[in-house]
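What follows is a single structure, written as structure tokens, with notes after it.
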Amino acid sequence: QTMGKTILLSLSSRTLSQEDESKKFILGISIGANLLDLNDSWFFEEHSGKVSYSFGVSAEFVINERLSLISNINYDKKIMEWNIPDYDIGIIEPSFSNVNDKLKLSYINIPIFLRYYLGKGKKFNINGGGFYNIAFDVRNESIIDATGEEILLYQSENIIDNYDVGLLLGISYKFELNNKNCFTLELRNEFGLADVSQIPEFVEVKTNTLKLILNWQLPL
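According to my numbering, the residues represented by the sequence shown are 2 to 221, in order.
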């Protein structure tokens, strides 16, 4: 009987240990919205950020009951817009029309940060770390409102560099629907530290991106 209890306790201990180990590494899927601003830049000062989208995957490594190390691989589509009233589009004689310019940036976004869980229920948490962005598509589209014709105002790919690096801060809240389904809603701000301009003697460009992210913890 004693031996039976010992075996039962050993099996129970092993099962709990395996459950703890399985929770140390958590995968997730993220979707969200972003809003870009370009700081310290007179060249883009007339542009205003437009809400765009982000999506990707996440991995969380649980360090202890309060602290986790998290990383993502995201696709970020970022958009800024400039409405130019009475722009002279004439070649021979003056001809004025409104022009809409959209600066479109496509990034692979790789943040790495620590998450600290607050309170007894560990629902609220704060996040802090850094990020690295790789731009694989930088373009601007300038459209004449009156005709729908596209014109070339400037070549953004010759101004914006193909990388960005900076710090991130965020707060989030964890929703537990049941034992297998968990969602986290996070408000994050990514502060670019690098000058992403390719012509620093002419213009300085730094990014600032506000994000609202919904992450679904995969029930593995």
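Cβ coordinates follow ideal geometry from the N, Cα and C atoms, glycine included.
Only residues of its own chain outside the window of five on either side were considered, and among them P220 have a CB closer than 7 Å to the CB of N182, listed in chain order. Taking the CA atoms as reference points, L119 sits about 15 Å from L170. Buried is the label assigned to N73, since at least 16 other Cβ atoms lie within 10 Å of its Cβ. Taking C-beta atoms as the reference points, L168 and G130 count as a pair closer than 9 Å. For a cut-off of 8 Å, the C-beta gap from N40 to K207 is around 5 Å, short enough to register as a contact. Put simply, the backbone Cα of F192 is about 32 Å away from that of L178.
Between the alpha carbons of S198 and S42 lies a gap of roughly 9 Å.
L115 places its beta carbon less than 9 Å from that of I71.
E205 sits in coil when the DSSP states are folded into three classes, being neither helix nor strand. D77 places its beta carbon less than 9 Å from that of S53. Secondary-structure assignment with DSSP links D77 through a beta bridge to S55 and Y108. DSSP places V139 in the uninterrupted beta strand (DSSP E) bounded by F125 to I145. When secondary structure is reduced to three states using DSSP, N182 falls in the coil class, being assigned neither helix nor strand. For E47, the closest alpha carbon among the candidates S31, E205, N84 and E202 is that of N84. With at least 16 other beta carbons inside 10 angstroms of its own, T210 counts as buried. Out of D165, L186, E61 and S59, the CA that lies nearest to the CA of K124 is found in L186. Between G57 and Q218, the beta carbon gap of about 14 Å keeps them out of contact (Cβ cut-off 8 Å).
Within 10 angstroms of the beta-carbon of K121 lie fewer than 16 other beta-carbons, which makes it exposed. Checking the DSSP bridge columns, you'll see A34 partnered with Y54 and L213. Approximately 5 Å separates the beta-carbon atoms of G50 and L36; this is inside 8 Å, confirming the contact.
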